[in-house]
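Down below is the structure, laid out as structure tokens.
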Amino acid sequence: MKMQKLLMMLGVTGVLALATQSAIAKDTLKVGMDPVFEPFSFQTPDGQLTGFDFEISNALCEAIDVTCDVQAIPYDGSISALLSGQIDALINTYAMTEERLKKFTMVGPYIRPTFRLVVDANSTIDGGEDSLKGKVVGVEKGSALGYAHDVYGKYMTVREYDQINDAILDLNTGRLDAVFGDENQLFYGYVRKQPGTYKMTGERVKNPKYFGQGQGFMLRKGDDKWAERLKTALDIIVKNGKYDEISQRYFGRNILNN
1 MKMQKLLMML GVTGVLALAT QSAIAKDTLK VGMDPVFEPF SFQTPDGQLT
51 GFDFEISNAL CEAIDVTCDV QAIPYDGSIS ALLSGQIDAL INTYAMTEER
101 LKKFTMVGPY IRPTFRLVVD ANSTIDGGED SLKGKVVGVE KGSALGYAHD
151 VYGKYMTVRE YDQINDAILD LNTGRLDAVF GDENQLFYGY VRKQPGTYKM
201 TGERVKNPKY FGQGQGFMLR KGDDKWAERL KTALDIIVKN GKYDEISQRY
251 FGRNILNN
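Residue numbers (my numbering): 1 to 258.
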């Protein structure tokens, strides 16, 4: 009889333990990112997501002990995925502009982007006005374009492109003398991958008038729960060195503390 009571008690204890484990199951952070935005987010040959933003997302989740569900979402569907609740956050180099801050809750910055010129490795262009006068620069449509028109447009021709790679192709054929864009993207995608073909030149541009406060995590307006947790997580990975480790691996420098 005593044995039966003991077994019953153990059974009840086991059920309670399972119920407790279920009750404290980890929260899941659903993150969206473009699968064709190398080096920040892209797919391996077998279709797995990887990249700087992918690794940062997983590090953030680990820091606050939540499950990370990272989803590949094309750029043109990202905002609707966020607003519909399909995802909780967009972690994909979204500039913290005044316009975005009115419509979304943003956390960061987690990247302070710098913009720079890339030229042929044998080019004599040094980024100074004298070396750029009369030349042609290619720029991808976006925040860099406004700066290029306002600054470079005074003494050189600015040519617009839908994709940065199209500008690089024209640089290769001599139709452009330089390409202006996000230094991280240009360095990883071209300078580092093809040594001896390209080089970065001129000073790094960080003008907040054009490029905002930096790049941050974008959430639905008023989502204080995830905003606070992501602030905490970002602080943790910056302080414990995880952010720097990932950044150095991709870019050879810390792209938050430029």
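Heads up, the beta-carbon is just placed ideally off N, CA and C, and yes, glycines get one too. Every value quoted in this text rests on a predicted model; they were computed, and no experiment measured them.
Please classify S22: does DSSP put it in a helix, a strand, or coil? A caution first: S22 carries a pLDDT of 42, below 50, which makes its placement in the model too unreliable to give a value.
Name the residue from K154, L230, Q185 and V158 whose alpha carbon lies nearest to the alpha carbon of L29. Scanning K154, L230, Q185 and V158 for the CA closest to the CA of L29 turns up L230.
How big is the Cα-Cα spacing for A148 and G138? Going by the C-alpha atoms only, they are around 9 Å apart.
Per DSSP, T105 is paired with what? DSSP, once it has assigned bridges, lists L219 as partnering T105.
State the Cα-Cα distance for the pair I79 and A89, rounded to the nearest angstrom. Looking at the two C-alpha atoms, the distance is approximately 10 Å.
Could you tell me if D34 is buried or exposed, where buried requires 16 or more neighbouring beta carbons within 10 angstroms of its beta carbon? By the neighbour-count definition (other C-beta atoms within 10 Å, threshold 16), D34 is a buried residue.
Backbone secondary structure at V151 - three-state DSSP: Correct three-state label for V151: coil.
To test your reading of the DSSP string, which unbroken alpha helix (DSSP H) runs of 4 or more residues are found completely within the segment 14-89? As summarised for the segment 14-89, the continuous alpha helix (DSSP H) elements at least 4 residues long and confined to that stretch are 52-63 and 78-84, given in chain order.
Who does G181 pair with in a DSSP beta bridge? Under DSSP, G181 forms a beta bridge with R116.
Alpha carbon to alpha carbon, how far is A233 from F37? Answer to the nearest angstrom: the Cα atoms are 24 Å apart.
Run the CB neighbour count on N165, radius 10 Å, all protein chains shown included, and call it buried at 16 or more, exposed below. When all chains shown are included, N165 counts as exposed.
Below 8 Å on the Cβ atoms is my contact criterion, and I expect A63 with G212 to pass it. Report the Cβ-Cβ distance as a whole number of Å. The distance from the Cβ of A63 to that of G212 is about 25 Å, inconsistent with a contact at the 8 Å cut-off.
Alpha helix (DSSP H) runs wholly inside the segment 118-145, at least 4 long, in chain order: Every alpha helix (DSSP H) of 4 residues or more that sits fully in the segment 118-145 is shown, in chain order, as 129-132.
What does the alpha-carbon distance come out to for the pair F42 and Q163? The straight-line gap from Cα to Cα measures roughly 16 Å.
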